[in-house]
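Top line first, the protein sequences correspond to chains A and B. Read in order, the letters of the first sequence are residues 259 to 394 in this note's numbering. Read in order, the letters of the second sequence are residues 6 to 397 in this note's numbering. Glycine included, C-beta positions come from ideal geometry on N, C-alpha and C.
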Amino acid sequence: MPDLPSIVIDAESKPFWDGVALGELRLQRCRDCARAVFPARVVCPHCFGEGLEPLLAAGTGTVYSKTVVHRAFGAFAEQVPFTIALIDLDEGVRMMSRIVGETPVAIGDRVRLRVTRLDDAPDAPQLPCFRAEVGA
Amino acid sequence: MSPRRRAAIVGVAESELGRTPHLTVLSQQARASSAALAEAGLTLGDVDGLFTAGNWSWAPALTLAEYLGMHPDHLDGTNIGGSSFEAHIGHATAAIEAGLIDVALITYGSTQRSDRTRGRPRPGTLTEQYEQPFGLPQPVGAYALAAARYMHEYGVTSEELAEVAVSARQWAARNPRAYHRDPITVADVLASPLIAEPLHKLDCCLVTDGGGAVVVAAEDRWQDVATRPVVVRGHAETTTHTSISQMPDLTVTGAARTGPLALERAGVTHEDVDLLAIYDSFTITVLLTLESLGFCKPGEAGRFVAAGRTAPGGELPMNTNGGGLSYTHPGMYGIFLLIEATRQLRGDFRDQPDQPDQPGRPGRQVEGAELALVHGTGGVLSSTSTVVLSRS
Ligand SMILES: [Zn+2]
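Structure follows, in structure tokens:
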């Protein structure tokens, strides 16, 4: 079985991935304009302010768009069909994720964080996936 | 203010298209460059600016200059994805207007079909690490997310997306170099396998090898060239994001900025445009682009295409070579948009007979075409670049 591609964690992303391993979703908030920021950086993309502080997300959001994937590459080919969604977190940022669980989701549905592995391999990374709130 | 020195496209060429395991990205660009310069009646010694884009070298412009035996005075390796070459036209024109160079050579080459490297997952670095681990096939999955949102917001159907592929294939039937020329129907598109919902296989561009070259020359050189110069009237480029999750609105591309700006800089309006060359990586790309450019209202581009407005005989012919969907798509397709628009404005297809299988139906030449809008899209709807070209 081909290996899942690894994640190259860097100094700016380490807090995020450390949080995921603890079941948390760590974002940032700008002290100058009060908006949430993701992915992590040293300047605010809304106001170029440099006062970014940690923000713990509630782990809830709404599906902005989604696709059911039928052809995937590498190790992901064995996982089809699977659902990828863009999720508008309640804090006001958007992220890509995998929808897990039995309940399918539609655009506009509410979803909740579920940190899990996408593969049985012991070195497969923990990922911030989401599942439908209804029927969860 | 004195009028600026104008720039024009004076030579275009493709290299061998389809599957070319006997060529490299470098030999493809050399062949295309040689043919484009020969068409213009110029030599490599006339070229003082070299423009290329690719990810096949740490510095593609240097690798290519060495291969061609050039020491150019002006180098541009701007890589903003498939729209890079429309950006190169803008940059070359600015350099010509400023008097920095007289002749620019813009090239592209790809062996992606022979290499079979497209889409293979790599470790996700920098911002890619927040998307890559979830397994979305790129770029098709990102375009599928845009299509799903667009259909949700405007009630657009898969049938309307499919019309873009049908229109492209009608034009491809008129292009002997097109990869696929057999007619297709909306039903054929919908019956092709789903790749990433709602996109089917026939909603997606081809994966081919190929290359192309475009020669741009300053006004003072036009009397030396063997072709009818096609004038660069206006250009604009922008980016809205690199990761699809960071696209501000999945239904509006950077074309909303670059389309109007390029037309304004050209001193023309939408009504003046006779011909469209629109990047068609996927059917959804075309619908979003037609709306963002301002040729259709939001949600209406599918019906515009379904009504035959962009097909042979339509009032706004689009992608008259068959496009990335049916003619060729070697990874970064933008240079082929420029090649086709140039040939149309020169009237290169005037002598080709009507379709033998469709007597009385219009052929490939858009009769009387004076002004073309060429629009590249790069990445995952990430960058756009618009160029306005005219016959005089
Ligand atoms: Zn801020």
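- Relative to ligand 1, Arg293 of chain A has its C-beta within less than 8 Å of a heavy atom.
- Every beta strand (DSSP E) stretch that sits fully inside the region 185 to 218 of chain B and reaches 3 residues is listed by chain position as 199 to 201.
- Neighbours of Pro198 of chain B in chain A, taken as residues whose beta carbon is under 8 Å from its own, are His328 and Arg329 in chain order.
- Considering only A:Leu376, A:Leu280, A:Arg289 and A:Leu371, the residue with the shortest C-alpha distance to Ala333 of chain A is A:Leu376.
- Checking the 8 Å criterion, the Cβ of Gly350 of chain A is out of range of every heavy atom belonging to ligand 1.
- Contact between Tyr159 of chain B and Leu293 of chain B fails: their C-beta atoms lie close to 11 Å from each other, not under 8 Å.
- For Glu19 of chain B, DSSP records a beta bridge to B:Gly217.
- DSSP places Pro312 of chain A in the strand class (E or B) of the three-state scheme.
- At least 9 Å separates the beta-carbon of Gly129 of chain B from that of Val327 of chain A.
- For the region 263 to 320 of chain A, the full-length alpha helix (DSSP H) segments reaching 4 residues or more read 272 to 279 along the chain.
- In the DSSP assignment, Phe340 of chain A is bridged to A:Val327.
- Exclusion of the five residues before and after Gln357 of chain B leaves Gly368, Arg369 and Gln370 as the residues of its chain whose Cβ lies within less than 7 Å of its Cβ.
- Interface annotation for the region 157 to 171 of chain B against chain A: His157, criterion Cβ-Cβ distance under 8 Å.
- As DSSP reads the structure, Ser395 of chain B sits in a beta bridge with B:Val236 and B:Leu376.
- The Cβ atoms of Gly373 of chain B and Ser172 of chain B lie no closer than 9 Å to each other.
- Runs of beta strand (DSSP E) with 3 or more residues, each lying fully within the region 107 to 139 of chain B, are found at 108 to 115, listed in chain order.
- The C-alpha of Leu343 of chain B lies about 12 Å from the C-alpha of Leu280 of chain B.
- A direct Cα-Cα distance of roughly 7 Å separates His275 of chain B from Leu268 of chain B.
- A heavy atom of ligand 1 is found nearer than 8 Å to the CB of Phe306 of chain A.
- In this structure, Val273 of chain B sits away from Val161 of chain B, with a CB-CB distance that is not shorter than 9 Å.
- Around the CB of Lys324 of chain A, 16 or more other CB atoms lie within 10 Å, so the residue is classed as buried.
- With respect to chain A, the C-beta atom of Gln117 of chain B has no partner C-beta closer than 9 Å.
- Inter-residue distance for His185 of chain B and Met323 of chain B is about 17 Å (C-alpha atoms, whole angstroms).
- DSSP places His275 of chain B outside any beta strand (DSSP E), giving it a letter other than H or E.
- The beta carbon of Arg233 of chain B sits closer than 7 Å to those of Arg351, all from its chain and outside the five residues before and after it, given in chain order.
- Of the candidates B:Arg238, B:Arg182 and B:Ala178, the residue whose Cα lies closest to the Cα of Pro8 of chain B is B:Arg238.
- Residue contact with chain A for Pro138 of chain B: present (Cβ-Cβ distance below 9 Å to some residue of chain A).
- Not a single CB atom of chain B sits nearer than 9 Å to the CB of Gln286 of chain A.
- The beta carbon of Arg308 of chain B lies closer than 7 Å to those of Glu165 in the same chain, with the five residues before and after it left out.
- Exclusion of Cys387 of chain A from the 8 Å shell around ligand 1 follows from its C-beta lying no nearer than that to any non-hydrogen atom of the ligand.
- Beta-bridge analysis with DSSP links Leu281 of chain B to B:Met323 and B:Leu378.
- Taking the CA atoms as reference points, Asp378 of chain A sits about 16 Å from Arg356 of chain A.
- Around Pro128 of chain B, the beta-carbon contacts reaching into chain A at under 9 Å are Pro263, Ser264, Ile265 and Val266.
- DSSP places Gly74 of chain B in no beta strand (DSSP E); its state is neither H nor E.
- Of all residues in the region 284 to 318 of chain B, none is placed with a Cβ closer than 8 Å to any Cβ belonging to chain A.
- With the rule of 3 Cβ pairs closer than 8 Å, the region 334 to 343 of chain B counts as touching the region 374 to 393 of chain B.
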